[in-house]
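What follows is a short report on a single structure.
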DNA sequence: ATGTGTTCCTGTCCGC
DNA sequence: TGCGGACAGGAACACA
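In the numbering used here, the protein residues as written are 21 to 303.
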């Protein structure tokens, strides 16, 4: 489900219920998500205070006292739902189905956090905070959009010599992290670059514009609280609204939204995933 | 090393 | 309504 803007929106929704609060009770309702959960998972969470809730790419990172960090990845269908809390401080937005509620955290202050994930492509792990960058899921991640390490020069260096469609390259989390199918499609349209163009064949100037388009797309999506497809909701039950701003994603057959273009949005399959683009203004 | 296809899992939607 | 197939916001993995 979630790409960087959605994960960051979830993080912001969870922060008031989790930061500075102790996990009073943790419940693990199945042994595994995508991978087995760590040994004694619930015991290691119980009684720990959340010092800080952070994010790296599509991972939520909860630094706990005692020196461990809880790593959470939402996969395609994962959600972190908040309910309860005193004095209406937190919205009652559970919306979970019980059946796919895999991990439950009862927080000091009365909030309940439910990790719900029907498809179970999500993951959780515990890892020493001091060496968080060495975790196997995090160690090879490239810079994120809007960070100092991400710019046209970096992107040009990483795309150089690549004989793969630029669409596939931008989905590669080692090149730039946090993007997924939606925002790659959106950024490529914004930059006027076809998803089918070979990564290594794009001029440095156009790659510079692509890096700017990626940053602008992510910044706009963050400001809108991410995108709500189907019934996806933020942690507090609110809907993001960036989906109303989609230029191409999920708009097959509709007209291109670029000023004066007049083209029609097409959908093509690339490495098993849908790419949406306008053949008139994306080259 | 790099590129591509498969796989994990469940739910929903669309056409017959 | 039921049924089959396509498809879904991810990404590790096996293999060429």
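Ideal Cβ positions, reconstructed from N, Cα and C, are used throughout, including at glycine.
All figures in this text were calculated on a predicted structure; none of them were measured in a lab.
Under a three-way DSSP split, which group does residue i fall into?
i, result
"residue 129", "coil"
"residue 203", "helix"
"residue 268", "coil"
"residue 210", "helix"
"residue 121", "strand"
"residue 287", "strand"
"residue 74", "strand"
Classify residue i: buried if its beta carbon has 16 or more other beta carbons within 10 angstroms, exposed otherwise.
i, result
"residue 38", "buried"
"residue 145", "buried"
"residue 135", "buried"
"residue 60", "exposed"
"residue 28", "buried"
"residue 191", "buried"
"residue 156", "exposed"
In the DSSP assignment, the alpha helix (DSSP H) including residue i goes from what residue to what residue?
i, result
"residue 61", "61-65"
"residue 240", "224-243"
"residue 138", "Residue 138 -> no alpha helix (DSSP H), and no H or E assigned at all."
What are the boundary residues of the beta strand (DSSP E) that includes residue i?
i, result
"residue 46", "43-48"
"residue 92", "88-93"
"residue 101", "98-104"
Please confirm whether residue i and residue j have their CB atoms less than 7 Å apart.
i, j, result
"residue 31", "residue 128", "no"
"residue 161", "residue 193", "yes"
"residue 187", "residue 290", "yes"
"residue 25", "residue 246", "yes"
"residue 62", "residue 70", "no"
"residue 244", "residue 269", "no"
"residue 94", "residue 22", "yes"
"residue 303", "residue 294", "no"
"residue 132", "residue 104", "yes"
Checklist entry - Is there contact here, the segment 294-302 with the segment 207-225, by at least three beta-carbon pairs under 8 Å? => result By the Cβ criterion, the segment 294-302 is in contact with the segment 207-225, since at least three pairs of Cβ atoms, one from each stretch, lie closer than 8 Å.
Item to check | Touching by the beta-carbon criterion (3+ pairs, under 8 Å), the segment 135-153 and the segment 44-53 | outcome: With three or more CB-CB distances shorter than 8 Å, the segment 135-153 counts as touching the segment 44-53.
Checklist entry - Is there contact between the segment 198-205 and the segment 223-230, where contact requires at least three CB pairs shorter than 8 Å? => result Segments in contact, no.
Next on the checklist: Contact between the segment 165-184 and the segment 261-281 is defined here as three or more beta-carbon pairs at a separation below 8 Å; is this criterion met?
Outcome noted: Contact fails between the segment 165-184 and the segment 261-281, because fewer than three Cβ pairs, one in each stretch, are under 8 Å apart.
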